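For the sequence shown, position 136 matches number 136 in full-length UniProt numbering, and the numbering has no gaps at all.
Even glycine gets a Cβ: it sits at the ideal position worked out from N, Cα and C.
The structure presented is a predicted model; accordingly, all values stated were derived computationally and were not measured.
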Amino acid sequence: MYPSAFEYYRPSSVSEVVQLLSQNPDAKLLAGGHSLVPAMKLRLSSPAALIDITRIPELSGIRDAGDRVVIGATTTYDEVMRSELVQRTLPILPEAIDVIGDLQVRNLGTIGGSLAHADPAADLPAVMLALGAELKAVGPSGERTIPADEFFVDLFTTALQPNEVLTEIAIPKPSGRTGMAYEKFANPASGYAVVGAAAVVTLGDDGRVSAARVAVTGAGPYAVRRTETEQALIGQEPTTEVIKQASQRASEGMTFNSDVFASEEYRAHLTRVFVGRAIAKAAQRARG
């Protein structure tokens, strides 16, 4: 099926994007297009205009900002995966990207596009939550920074306003004895996460957990932190038993998706299992 007719714009700056969004309230931003274009072809989405942001230099690239790594919104998965800076400081990102789609998807798909789309089964939202990322948005009123904890608010819904554009993602560099890991149970047909778990664990000099961030995607309508699990880890030595007890709390209070592949009960079980695996791997890496 062909998409319905639309206007096409290719701005050269972020300010021009904001202006076009204000002038075209029904417009959609086009980055990698892996989610938007299929929806348009099926006429599940029929925007009056497309604003192509792929040619704006200030929206792409990876830079070292001292205590943070800053990634432009239109930077592709492949560029992030190949970055020596990212591999050295944020190895969970290449690990997660390696299980996203295929080579074609990773060559065109963008980091910002995935986060702004907020697919409930996408991998990167959980990773950004676990890393404590901050996302910068620019709109008519200027720019603002949105913590990842506040960015994902519901099914395919983020804190972005309709006239705002996501421009970059700033991720704190880990310090001390920190390990990180992403574990995923993928749907065998689509490759999307039935459940994905991201964990970042920091150990003190005494071998006990001094900080932990754990997040889950795929299980519910949007990616969420698992603070109950984090609290069960902090101050404890990450033994097999401690990790098992902490991961059992990962499903507490969650709303779970249900479909022909996985029921709510199965997703709850997978959440506990894969959170445990991610924590164990992150803790082992923190030990060095």
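Beta-carbon separation (whole angstroms), residue i vs residue j, contact threshold 8 Å
{"i": "Arg-249", "j": "Glu-228", "result": "4 Å"}
{"i": "Thr-74", "j": "Gly-112", "result": "6 Å"}
{"i": "residue 323", "j": "Ala-27", "result": "A question about residue 323 goes unanswered here, because the residues of the chain that appear run from 1 up to 288."}
{"i": "Ser-83", "j": "Ile-62", "result": "5 Å"}
{"i": "Tyr-222", "j": "Asp-154", "result": "6 Å"}
{"i": "Val-224", "j": "Ala-215", "result": "7 Å"}
{"i": "Arg-68", "j": "Ala-170", "result": "5 Å"}
Cβ-based neighbour list, residue i, same chain, cut-off 6 Å, excluding 5 preceding and 5 following
{"i": "Glu-95", "result": "Tyr-182"}
{"i": "Leu-108", "result": "Gly-32"}
{"i": "Ile-279", "result": "Ala-199, Ile-243"}
{"i": "residue 291", "result": "Absent from the structure is residue 291, since the part of the chain shown begins at 1 and ends at 288."}
Residue i (DSSP reduced to helix, strand or coil)
{"i": "Val-273", "result": "helix"}
{"i": "Arg-208", "result": "coil"}
{"i": "Met-81", "result": "helix"}
{"i": "Ala-197", "result": "strand"}
{"i": "Lys-173", "result": "coil"}
{"i": "Tyr-266", "result": "helix"}
{"i": "Ile-56", "result": "coil"}
{"i": "Gly-109", "result": "coil"}
{"i": "Thr-239", "result": "coil"}
{"i": "Ala-130", "result": "helix"}
{"i": "Pro-38", "result": "helix"}
Inter-residue Cα distance where the pair is residue i and residue j
{"i": "Arg-272", "j": "Pro-188", "result": "20 Å"}
{"i": "Thr-255", "j": "Ala-198", "result": "18 Å"}
{"i": "Ile-53", "j": "Thr-110", "result": "11 Å"}
{"i": "Glu-177", "j": "Asp-205", "result": "The question names Glu, yet the displayed sequence has Arg at residue 177. If I take the Cα positions, the gap works out to 8 Å."}
{"i": "Lys-136", "j": "Phe-152", "result": "14 Å"}
{"i": "Arg-226", "j": "Glu-7", "result": "42 Å"}
{"i": "Ala-130", "j": "Ser-247", "result": "15 Å"}
{"i": "Asp-64", "j": "Thr-76", "result": "17 Å"}
Chain-order list of residues whose beta-carbon lies under 8 Å from that of residue i (same chain, five-residue window excluded)
{"i": "Asn-163", "result": "Val-18, Leu-21, Ser-22, Pro-25, Gly-139, Pro-140"}
8 Å Cβ cutoff met for residue i and residue j
{"i": "Val-209", "j": "Pro-238", "result": "yes"}
{"i": "Leu-286", "j": "Gly-179", "result": "The amino acid at residue 286 is misidentified as Leu; the sequence shows Ala. A contact, by the Cβ cut-off of 8 Å."}
{"i": "Gly-66", "j": "Glu-168", "result": "no"}
{"i": "Val-200", "j": "Phe-185", "result": "no"}
{"i": "Arg-106", "j": "Met-81", "result": "yes"}
Cut-off 7 Å between Cβ atoms - residues of its own chain near residue i, not counting five sequence neighbours on either side
{"i": "Arg-10", "result": "Asp-52, Arg-55"}
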